Every structure is written in C-alpha cells, then in structure tokens.
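Taken in order, the sequence shown gives residues -23 to -1, 1 to 1225; the numbers are from mature numbering (1 follows the signal peptide of the UniProt record, and there is no 0). C-beta: ideal position from N, C-alpha, C; glycine also. All of these numbers come straight from a predicted model, not from anything done at the bench. The structure under discussion appears below in the form of structure tokens.
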Amino acid sequence: MAKLSKDLPWIFPFMLLASFTNSQEHCDPSYCNFEGQCIEENNLRKCQCIGENYFTGARCAQIVDSCRSRPCQNQGQCHGLVGQYMCRQCTEGYGGLWCDVKRKSIFQNMAVYFNHYGYYAKSQNFLIVVENLGSVDFSLELLGHNYVVDSFETKMGRGSTQWTHTSDLASVIRKCGIRYYNDLPYGEGYYHRSQQVFWDLGMLKLSLRSYDTESALDLFHMQNFDILVLQTAELPCVPRLRFSHGFDPLEPLTLDMARFNNFAPLVLHRCSTKSEVSFQWQIFNNIGNKILHEYGETTIALLKVPPYRLWFHYNGEVISSFSLVVTLTEKSQQIDTRTQARCFILLLPKPVEAAITGGLHRQVGMNQDLLMDGSASRDYALAASTKQNLFFQWDCSSVDDSKNHFCHSNMSTDNKMEIPKGNLQPNATYEFILKVQSKVFPQSTNLAKQQIVITEKPQLLLDIVCVRNCQRGRFNGDQFIHLMVQRVMGKKRSTFAKISWTINNAAKNLSNDSRCLYTPKEFESSLLFQVEAWDEKGIGGKALKELKLNLPPIQGSCTITPDRGVAFETDFRLKCIDFQDTETPLSYEFMVENFVLERINDAEVTLVLPECTALKILICDQLNACTQIQLSVMVDPLPKPANLSNFSSTYGNYNHFALGMGHTHISLVLIKSLAKYLNSSKDIGQLIQHFGNLELHTLLEMEQWLGICHGITFRLLPLDSQKSLALKEFLGKLSHVLRSISKDQEIQYMSLKSYEQAMAQIWAIAEVLSRTWEIPLSVHKTEYAQMVTSPNPLAESYSDLSDFDIFVLDRIANWVQTTRELSNSLHLLGSQALHKYQPLEPALVIDHDSVKLRIIAFEKSRDHYVDMREQLIDMVICTEVIADLKRQFDIEGHFTVHVGSSKLNHFWWFPDDIPISTNLLHMSFQGQRHLFGQSFRLFHPIEVEFHLNQTQLLHSQMEFGSEIRSPLHMALLSLKLPSNAALVVTLHQAKTTMLIGIGIGHTPRSHQLQKPLNETFRRHAIVNVDTQMKDTFIALLAANDNVTFPFPYKLSMQIVQCLFWDWNAKDPQWSSDGCVPELDLEAFPLLVKCKCNHLSIYTAKCYPTAITEVLKVRSLLNVLSLNWHAVALFVLTAITLSVTLICNYFRSLKHSALLISDVNSHDEDDIEVCLYTGSAGNSFSTANIQLSFISESGPYSLTIYQHPKKLQLQQNSVCKLYLSSHKDHSKEPQHKLSPIVSHRARHLLDTH
C-alpha cells in the first residue's frame, strides 16, 4: 500500500471537513474520507471502506495499489490510479488495456472518473477519458446490474460525435464535482460524460468495457468498479422494487411479441401498508436516455402488453432491445417517496411467409387476365388483422416462352400483379417467384413459387386457406390438419357445385365439402393437398398446397438446482440449454402435474414449487410442436400449520409481502401447498381471510386458480351449505379473473390444450356441486282432520304442520350464490369456444357421470344430430334453426352451439311441488354475440327427445276406477289441462273395448267417440295448444253390448309438459310457452319428444292429475216415448203453414205478371211505376233504385239515380214514375224523377 503523496493539496480541505465533522460527533462519509461508510457501534465510529480497490485503513485514507497484480503484457508499464490502472508504453503493434491486442491505432489510456459513493435517487456523474482515440472503430459500455450507465459506438472514419477534445481534462473532471482526479497522467485528451440515477441502496457493481465494433471479438478494455449508494436524511424510508428476471443487461429477458407479455416486478418492501401505491411504466432505449413509449399508470404491480405492441422505432429503425422502466410512487400522510426498477428486453426476430393465392400450381385460361396475388403474405411481427407492410419483389421465368416481355425478373414491387389476357402463350408453363422481406426485422425474408399453365378453357381462381396446423407450410404430426378452399373473385367468395380433394394423389371422400380435415399418419413427412372445384356452369379450377412435417425441439437438456427442498420455502433454479429448432423463439412451460407454474420464453427461471416428486417442462416452438422433459425433484410438503387462524406466526416472513404487489405466483404456490390441510369451512374461511386481497389478472393466474379451486372442491367432500359458501369466495375470484382476461382479450390466446383442460376442470366442479345441489324442498300440505258440513270456515279442522326449518332459506342462499359464481365462470370460459373450434372439427366432449357437454361449431345450414353418449337425451338441430341463427344475428362465418346435459336439477330451489321427470338439457349460442342467461325465441323448433325417469313414472300413474252401467251409458270425466300440455289416457282394466272422445273446452258428442280403447290400443292422447289452461272432458262408451252391465274400468291420466327455463321473465321460472310435446303412444311412457322454439334449458314433466267424474247420468236415446204435447204442436204448425201457402196462391192469381210486349205502345207512357214510402225513420233515403222487368226476350233492368241534394223520396210520400217508349223526351212532365238511366233500353223499346 502506498502512502498519500505530499503533493496532494486537495486532501487538506477534506481533512478540515473531517475534523469539523469529528468535532460535531457526526458519523457520515466525511469521517471516512468520503470513501467509506461510517458505522457507530457502542458509541464508537468505524469506517467500512467502499470496495477493496479504492482506499483502505481505519479512516479509508490509504490508496490501494492497483498495479499489484502486474496486469500489463508486452512490456507495458502499469500506471496506478484510484481503483483502476493503465498499461502504457506497450511494445509497438500492441494496444488495449493490457497491451495484449495485436492491432495498431487503438485508443490509448482509457479511464473513468466518478465519486465512489452517491445518494439514492440523485444523479451521479461519470467521465470517461482517453488520451488518444486512434483510428479503429470501437464500442463502449458502462453498465451494472440493473443499470446501463452508457453504451455507444465510436466510428472513427465518419468523425466521432461521442467524444469531446480538451487540453485541460482536470478542470472538466473538477467541474463535474468528482473528487479524486489528480492521478490522471495526461492533461490533454478526449472525454465523454454520462449520468445515472441509482434506485438501489448499498454496494453496486459497475463494469467498463470496450471491444471491436466490427467483430465484437477483440476486448480492448475491461475494468470493474464499486459504488456505494446511501440513503439521504430526508428519506426516512425507501421502498424496494425489483424484477425477478431481465434486470441484468447482459442477460436480458427474451420475449415473443406475438403473445401477451405480462411484467410483474416484485415489491420487496413498502414503507406503509396503508399508503397509496402507483406504478408508472415507460419504455426506454437500452442506455435509458431516450423515452420510446409511455404505457401510463397502474395501481397494481402489473403491466399487460397485448401481442404485437412491443416493438418501437429508434433512430429510424425498429429496435429489438430496449428497457422497461417502472417507477413506484408511495404516498401517505407520513411519507412521499419513489423507487425504480428496469427490465432489459430482447425481442427475437419473427419470420415472414410469402404466399401466392392458388398455391404451388394453377391453370389460367388464355382469355383470362392473370392475377398474381401475394396479399396473403404474412409478417409474423405484425398482427394478422393489420395491413402486412412488407417489401415485395416478383420474378418470372419460362422455358416454353423465354422471350416473353411480360415474364422477366423484377417485374413488380406491389403485393399484386396483373398480366392482361393474350400476353402469355397457350399451353406454355411459367414460374413466378415472390420474395418478401420484413420491414420490422429486415433480416427476415422468404420465397414462394407458383407454376402457371395457360389453357384454352377458362379456369376458376381457387385458394387453399390454412385453418389449423398448417402455418408456414408445416404441420405437427400429432395434430389434425384443417384446410379450406375458397373461390377468389376480387373480394367476393362464392360457393361450388362440386369439390374434390386428393392428398398425396389419393382421393379423399369429404361429401363435397369446402373444408378438408386430415390426421397425418406416423410415416408421413410431407403432404400434398390438391383440390379441384367446379361452379354451376361447369367451369373448374385447381389449387395445390404442400406441407412439411415440423419436428419438435431436439438435442437439449434441462436441470434443476437443488434437487430437494420444501414446498414454498425453497428457491429452485431451472435451466434448459441447447434445444434446436427452426421455428423460434421457443417457449418453456414448467408444471407440476397439471398445475402450470410459469410459461415464458426464457430458458432459465427461479421458482418455488408445491409438494411434488417430479417436474415437467414443455419446450414448444412457434408452431406448437413440443418436447416434454421430466425432472426428478423431491419437494417435501409444507409443514402443517398449528392453526390457520394464527397464520402470521407460522409464515411470518410471507406476511410482510404485499399481496398483489408482484408476489401473486408465490401466493398461489402457498395456497396450493396449504390446500391439503383444508378440511372444513372454517379452514377455508381463515385462508380467505389472509388471501382476500389477492388480485388475479393474467391468463396463467386464472389457470392456476382454477386448478386450486378444483383441488379444494374435491378436498371438501362431502359438501354442505357452509362449505359451499366458503367455496363461493374461490369461485368468485375465478369469475373475476375470467372477466378481466376476457375484457382485455388475453383469454383468446389460450392454447387449445389448456382450454380443454380448463373446461374439464370447471365442469368437474359443476358435477360435484350438482350432486350436492339436489336437495328437493318438500312441499308441506295440510289435509282435513275432520270433514265439517258447517258453512262456518272456523269450524273446519286441519292436521298440524310439521316443524319448519328456519335455516332453509340461508342454506338455499348459500347454494344459489355459489351456483351464480360457477355459472358466471362457465359462461365466460365457454364463450371463448368460438375462437377455439372450427366447423367439421371434432366437438369438445366432456363426459362426467352426471353432467355432459358438447361444443360444436356450425357454418352451413344442415341437420345436426347431437350425441350425448347416453340413452336419456337425443337432440336434432335442424337446418331451419341454423338458418334462423345465421339470419337473425347476421352471421357470416361460423358459430358454436353449447349443448350440455345434467342428471340433476340445478333449479332445485325453485318452488315447484311437481318434480321434473327428465334430465336437464342446456343449450346456448356463441357467435359475434352470445346468448347466456337469457331465452331467445326461434322461428323453427329444436327437437329434443327425453327419456323419462322411470322412478318418477311409478308415482305419476294414479288410477281412477268407475263403471259403465248400460250400453247407452256415456261416462264423462273432467279435469284441468295446462297450456301446451299433453293429456295421456291409459286403460288399465276393462271387460270390453271402449270408445273414447276427448274435448278441450267442450263436452264430446256421442258421434265423436271414434277411438277404440282396449288391450291393443291402451292409450289415447291430446295436446292443448292453447295459451291458457282449459277445462277438458273425457267421454267413455262401451263399443258393444255383449257384456254384462254394469262393468268396471280403470284408467290413469298423465299430463306431459315440455318446459324451458325462461330467463327473460321478471322472476325466472319454468315455462311451457313455445314448447309443445309430440307423443309416440307406442314409445310412451319411456320417451317424450319436445319441440321448443327457444335457446335455453329444457326438461319435461310427467305427472298425474286430479279427475272429476260428472255424476249426472248421460244416456243415449234408444226408444222415443209418445209425447202428446209435441204431437199437438206439430199438427198446429202444419195447419198454419198450409193455410199460408193457399192464401199466397190465390193472391198471386189476382196479380199476374205483365209482359212488356203486352203494353200498348201507342200510349204516351208505356209503363207507370208507383213508389211508396212509409213513415219509418229510414224511409228518407239517398239510395239508388233498380227496377227489373220481364219480357219475352228475357229480363231487363233499369236504375234510377237520385240527386244527393234534390231527393225525390221522402217520408209518407208517393212518387210515380212514367216510362215512355218515345224517343222525344222533351214532353216529359216536370214532376218525373231525373235522370233515369235504363240498361238495354233499346231492347225494351223494340219488344213491342
């Protein structure tokens, strides 16, 4: 160690300052020469020097010899500085810090000057100096853990703008406020100034390094430094914030921009649990001196960045590496402070895919324009829904027509290119090549080729569209392939008359469908799909698409350290290396059984684990081809807490964490670890009390929480109302996080495998709850204890009611609340099926013992039979129903229908004294909008066949017995038949065939009794299609009289109703409106068919009904006895009619008809008509008058039109009408009616 030199005058002011400080008995950096931290122990001050390379001694006043390790090579002379050194006078031809780089003209004598300690949240100056820049380009980085102080390139040939020349470096350093600088061996040189604010307390490590820009292989300079960051007196408390990964600039966080990226820093310390906390999110360039994007402020320690929203422009280019900076602000009445953390991010480049409409090969008619369409090309750094902004280049070549000026290189740079008809030679073949290049990542390029054959006949332009497992021309061998053919006509799509698919030249029978589903065989590494289609005019076309097998990642390995620990308490470090795949970036999924712990693009992660003996790692490429690695690890269970109510005493360290402040994944592991100790509703309540503020916001957290809910549900068996109420809190958090990730659409990026696992788990919970839900509430009925004939109601006596359970409503409320939360979760998760399934693809099938589910995607209008894999419900969704949905909801693409069945009644709490007789059938619709929790009316019915519950059928048969007294006795029964219900009458006993008639709203007549009822035809049914309940009458009559009367008979009456759950009612309930039963009497009572015009929940009821026998005897007439009163009346009526007829006859003889031909034509007036009016009130009329006459030539008529204002007909008046055959009407009397218009008047005059 060297003594302080006497020629250091700068030391005396600080010594005086130190002496003053000592006299004041303060313990601060000045006591330690500003090179250490002062610590008081037992009223004694002690200095802890900064690092090991600056100063040493009791007061940190002795300089450490930096050259003690003799670092210089090739005869270089070491010159020691404070905390660093220089190797000068190297052998000619060598340079660099250690004189080890064999290259001329490298910069000389680099050093960095800064104060070795600073203060939290205060700016710190750094000055990098060199004596000579040389002529070689170099890059320089000054960085530390979680910090990039500076990073830049020096390009000597273009004139560097990063460095400033000065002849007095000492004064520049002094002006920056840097204390120690007089050891610099040169005064003239170049400097570069940087600043940094530190948000971490304690000792930090910094590194200055420089290397060759061109190759990055030659390291010119590399030295490490320490800096101490202290807390200022005005900050009594400093919160602590840190990212769990990506905070080291040398090990940035690798991300895939095509997925949701969630950033959750860890809040390691808060100054107060009652303070308000906010987080400000910003994107900076790597060195943190340029803001690229502002994400705004959140109140939780989470930033969710949607896909394709994580690339930014800087200096005219899209940068792939940058830093995310989060600033935590904590405010309370006592404190207002801030802290920062940063995460360094590296985006891996995304590929591009060139695509030409029509695929590999197509034909074009010689009289058709040739359209080369590359608009389907894709840059996977851009969202599929946005414009694909790419560089395009078209080339063409032809062996048959090599000199064609429409086929050459560099034809176009647009995404489409058109060649007018007639410019390509018939029967010639042309090869077009499309090259695309990404504008986001210019290094990403791709080629597509298409062979064009010019034919004499016109051809359709077809395109094969990838739907599933065919992206980028590759397929995974363990998944089915889904392709679809489209006819391209500009922006229009049209249908085909005929379609034919072949795969590897083998025909595939697809029933003329535009979609092709194919499951690859194990040996198939390449598939060639060809489709031919024809329109209604017989014009055809062809398209080809080739797919290559995509192999999963290979040749890698994974490790876990340590290989043994305790659940929740041990930190396990997992690392995967050397996995090779062409479709990068790779994703890594770490899971214990089906509990996913993390899903990231980083191959290295630190996790806490639940109890397990093995850990699975799923390594997947961008096309979801995966390799599974299983690691053995022994994770012992978390020690059982003595009492969950005293949570903090058992897990005190965890209690200091702020829930929702970045520790969600740790909280979920702890809850899963504690789940095995939950045995009662009290245990769950205590756990909820501690984790009630836990907030869930991401897709991964939803999957983890659903797994916890699934485990706890089975752990609590058998359930009761108190346990279900506790479970409601868990299901409430599940529905909340589902609602959150549905709102920001993160759930749409859930993989199909994860989605189906989640659906299976949530329906398993539904089944468990369903088994407990079935607690039918008994309906208490009271009967007469003694019949009383007194009209006084108070004299009536009834039996006592049994004791009523006063807690039943509380239990119902518990179950209903749990049901509501579960239903919300089922709806939110089920609504995403539209994004997971396509038409013709296998339906999602969930088969539990008491609940079943089918999710089916529809596109075309066709009948669909839904198989529930049980013999209790069959369902047909007809073509008209599908057309209804597509028309009413304006659906252009596909939609999904959810069909579920349950053996148990989920609406058991509904007050109904008649239980349902079948399983429940649930049906909902998911299109651009969804229908859940509401009833939707259809124009055409859905057909459902229910198999009735045989146990309840035994109770639904109530026999009624009576007798037929004589052959003419018609027995009459009455009952009330509900609306849209069927009445089934079943004969159980009778000595002879009986005739039956049923009248709804009226009594059947004897002639209407046509239906036989006997041992062969034992049943008869009728349906009340009215919307109101109707009085219904049943008439019975013996079919023959060769039996001894009276004879007894026995019948049973059953009412069958088809019901749907009416969500739209003010109080939701079962309703039969629009649901009509159709009975097959041969299949009844085993089977009931219902036709319902709703999308809802369906069931059916079959129950007996009360019958009333009409006691008044009704007998048919056989012998009519003589009634003299009736005879007398008949004779009197006959005499009266006879006299009336005779009188009319003689009267008609006096008034014989006069033919017009008999009238004397010489009279002035041929015909005289008298019109008489009476005194009635309506005799004053404006009506026109029509007269009819009879002549030898036939009947004639004339019409008299009255003037509406000059009426001739009045009350008590006589009006005479004279009709003259003369043509001169000028002599007609003035009193005649006018005008008089006759029809066929000429014929009237000519009849004389």
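Discussion item. Helix, strand or coil for Trp1038? Go by DSSP, reduced to three states.
Written reply: By 1-based counting over the sequence shown, the position of residue 1038 is 1061. Trp1038 falls in the strand class under three-state DSSP.
Discussion item. If contact is defined by three or more beta carbon pairs under 8 Å, each pair taking one atom from either stretch, is the region 506 to 524 in contact with the region 552 to 565?
Written reply: A contact is defined here as three or more CB-CB pairs under 8 Å, and the region 552 to 565 fails this definition with respect to the region 506 to 524.
Practice prompt. For Lys1007, name the three-state secondary structure that DSSP assigns.
Written response: For the purposes of this step, residue 1007 is taken as residue 1030 along the sequence shown, with counting starting at 1. In this structure, Lys1007 counts as strand in the three-state DSSP scheme.
Item to complete: Rank Gln310, Arg236, Asp5, Arg65 by C-alpha distance to the C-alpha of Cys248 and give the top, closest one.
Response: Within the sequence shown, numbered from 1, the residue matching residue 248 stands at position 271. Closest option to Cys248, Cα to Cα, is Gln310.
Practice prompt. Return the first residue and the last residue of the beta strand (DSSP E) that Arg47 is part of.
Written response: Translated into positions along the sequence shown, residue 47 becomes position 70. That residue, Arg47, is in no beta strand (DSSP E); it is neither H nor E in DSSP.
Worksheet item: With a CB to CB cut of under 8 Å and the five nearest residues on each side skipped, what residues in its chain are close to Trp682?
Response: As a first step, residue 682 is located in the sequence shown; it is residue number 705 there, counting from the start. These residues qualify, in order along the chain: Leu645, Leu673, Phe707, Lys710, Leu711, Val714.
Discussion item. Does Val1002 come out as helix, strand or coil in the three-state DSSP assignment?
Written reply: In the sequence shown, residue 1002 corresponds to position 1025, counting from 1. Of the three classes helix, strand and coil, the one that applies to Val1002 here is coil, per DSSP.
Worksheet entry | Contacting residues, own chain, Cβ-Cβ under 6 Å from Val543 (five flanking each side not counted) | Within the sequence shown, numbered from 1, the residue matching residue 543 stands at position 566. Answer for Val543: Asp613, listed in chain order.
Worksheet item: Would Ile977 pass as a contact of Lys1007 if the rule is Cβ separation under 8 Å?
Response: By 1-based counting over the sequence shown, the position of residue 977 is 1000. By 1-based counting over the sequence shown, the position of residue 1007 is 1030. Yes, the Cβ-Cβ distance between Ile977 and Lys1007 is below 8 Å.
Item to complete: Taking Leu1013 and Ile973 to be in contact with their CB atoms under 8 Å, please state how far apart those CB atoms are, rounded to whole angstroms.
Response: Locating residue 1013 in the sequence shown gives position 1036, where the first residue counts as 1. Locating residue 973 in the sequence shown gives position 996, where the first residue counts as 1. So it is a contact: roughly 6 Å between Cβ atoms.
Practice prompt. Can you grab the Cα-Cα spacing for the pair Met63 / Trp140, in whole Å?
Written response: Sequence index remark: in the sequence shown, residue 63 carries index 86 (1-based). Sequence index remark: in the sequence shown, residue 140 carries index 163 (1-based). Rounded to whole angstroms, Met63 to Trp140 spans 20 Å at the Cα level.
Discussion item. In the DSSP assignment, the alpha helix (DSSP H) including Cys37 goes from what residue to what residue?
Written reply: Translated into the one-based positions of the sequence shown, residue 37 becomes position 60. That residue, Cys37, is in no alpha helix (DSSP H); it is neither H nor E in DSSP.
Item to complete: Please check the pair Phe220 and Pro242, which I expect to be a contact at CB under 8 Å, by giving their CB distance rounded to whole angstroms.
Response: Translated into positions along the sequence shown, residue 220 becomes position 243. Translated into positions along the sequence shown, residue 242 becomes position 265. Contact flag correct, Cβ pair sits at about 5 Å.
Worksheet item: Does DSSP put Lys863 in a helix, in a strand, or in coil?
Response: Counted from its first residue, the sequence shown places residue 863 at position 886. If DSSP states are grouped into helix, strand and coil, Lys863 belongs with the helices.
Item to complete: Just confirm the distance between the C-beta atoms of Thr873 and Ala810, as a whole number of angstroms; I'd bet it's less than 8 Å.
Response: The residue given as residue 873 occupies position 896 in the sequence shown. The residue given as residue 810 occupies position 833 in the sequence shown. The Cβ separation is near 5 Å, so the contact holds.
Fill in: Under 8 Å between C-beta atoms of His642 and Gln725
Taking the sequence shown and counting its residues from 1, the one referred to as residue 642 is at position 665. Taking the sequence shown and counting its residues from 1, the one referred to as residue 725 is at position 748. Contact: no.
Worksheet item: With Phe923 and Thr963 assumed to form a contact (beta carbons below 8 Å), what rounded beta-carbon distance in angstroms separates them?
Response: Here residue 923 refers to the residue found at position 946 of the sequence shown. Here residue 963 refers to the residue found at position 986 of the sequence shown. Contact between Phe923 and Thr963 fails: their C-beta atoms lie close to 19 Å from each other, not under 8 Å.
Discussion item. Please report the straight-line C-alpha distance between Ser719 and Gly870, rounded to a whole angstrom.
Written reply: Taking the first residue of the sequence shown as 1, we reach residue 719 at position 742. Taking the first residue of the sequence shown as 1, we reach residue 870 at position 893. So the alpha carbons of these two residues sit roughly 21 Å apart.
Worksheet item: Over what stretch of residues does the beta strand (DSSP E) that includes Cys26 continue unbroken?
Response: The residue given as residue 26 occupies position 49 in the sequence shown. Unbroken beta strand (DSSP E) run through Cys26: 21 to 26.
Worksheet item: Any idea which residues DSSP pairs Gln259 with across the strands?
Response: Here residue 259 refers to the residue found at position 282 when the sequence shown is read from its first residue. Answer is Glu271, Val302, bridged to Gln259.
Worksheet item: Nearest-angstrom Cα distance between Ser625 and Gln663?
Response: One-based indexing of the sequence shown puts residue 625 at position 648. One-based indexing of the sequence shown puts residue 663 at position 686. Low local confidence applies: a pLDDT of 46 at Ser625 is under 50, so the model's placement there is unreliable, with the coordinate-based value given in what follows. About 12 Å.
Practice prompt. Spell out the partners DSSP gives Leu194 in its beta bridges.
Written response: Translated into positions along the sequence shown, residue 194 becomes position 217. Leu194 pairs with nothing; no bridge assigned.
Item to complete: Pull up the distance between the alpha-carbon of Leu636 and that of Ala834, whole angstroms please.
Response: Counting from one through the sequence shown, the residue named residue 636 turns up at place 659. Counting from one through the sequence shown, the residue named residue 834 turns up at place 857. Confidence at Leu636 is low in this model, with a pLDDT of 48, below 50, so the placement of that residue should be treated as unreliable; the coordinate-derived value is given next. In this structure, the alpha-carbon of Leu636 lies about 41 Å from that of Ala834.
Worksheet item: Mapping DSSP to helix, strand and coil, what is Ser1198?
Response: Locating residue 1198 in the sequence shown gives position 1221, where the first residue counts as 1. With a pLDDT of only 49 at Ser1198, under the threshold of 50, the placement of this residue in the model should not be trusted; the figure read from the coordinates follows. Residue state, collapsed to three classes: coil.
Worksheet item: With 16 other CB atoms within 10 Å as the buried threshold, where does Tyr158 fall?
Response: Residue numbering aside, residue 158 sits at position 181 when the sequence shown is read from its first letter. Result: buried.
Worksheet item: With a Cβ-Cβ cutoff of 8 Å, do Ile431 and Val341 count as a contact?
Response: Along the sequence shown, one-based indexing puts residue 431 at 454. Along the sequence shown, one-based indexing puts residue 341 at 364. Yes; because the gap between Cβ atoms is below 8 Å, this pair is in contact.
Worksheet item: Closest by CA to Ile854, which one among Phe202, Lys327, His1071?
Response: Position 877 of the sequence shown, counting from 1, holds the residue named residue 854. Ranking Phe202, Lys327, His1071 by Cα distance to Ile854 puts His1071 first.
Worksheet entry | beta strand (DSSP E) segment containing Thr131, residue limits | Walking along the sequence shown from the start, residue 131 turns up at place 154. Counting along the chain, the beta strand (DSSP E) containing Thr131 begins and ends at 124 to 131.
Worksheet item: So which of Leu227, Gln208, Gln317 has the shortest CA-CA distance to Ser255?
Response: Along the sequence shown, read from residue 1 onward, the residue named residue 255 stands at position 278. Looking at the Cα atoms, Gln317 is the closest of the given residues.
Worksheet item: Between the region 364 to 372 and the region 454 to 466, do three or more beta carbon pairs fall short of 8 Å?
Response: no
Worksheet entry | Own chain residues within Cβ distance below 7 Å of Ile476, not counting five before or after | Start at 1 with the first residue of the sequence shown, and residue 476 comes out as number 499. Closer than 7 Å at Cβ, skipping near neighbours: Val462, Asn489, Asp490, Ser491, Val508, Ala510.
Practice prompt. Express the C-alpha separation of Asp350 and Phe506 in angstroms, rounding to a whole number.
Written response: Locating residue 506 in the sequence shown gives position 529, counting from the first residue. Locating residue 350 in the sequence shown gives position 373, counting from the first residue. If I take the Cα positions, the gap works out to 20 Å.
Fill in: Beta-carbon contacts of Asn51 that lie in its chain and below 6 Å, excluding the five residues immediately before and after
Indexing the sequence shown from 1 puts residue 51 at position 74. Cys67, Thr68, Tyr71, Cys76, listed in sequence order.
Worksheet entry | Reduced DSSP secondary structure (H/G/I, E/B, other) of Phe500 | Your numbering for residue 500 matches position 523 in the sequence shown. Here Phe500 sits in coil by DSSP.
Worksheet item: Quick one: Cα of His246 to Cα of Gly57, how far?
Response: Sequence index remark: in the sequence shown, residue 246 carries index 269 (1-based). Sequence index remark: in the sequence shown, residue 57 carries index 80 (1-based). When rounded, the distance between both Cα atoms is 41 Å.
Worksheet item: Which of the three DSSP states, helix, strand or coil, is assigned to Ile1074?
Response: Here residue 1074 refers to the residue found at position 1097 when the sequence shown is read from its first residue. Looking at Ile1074 - three-state DSSP - the assignment turns out to be strand.
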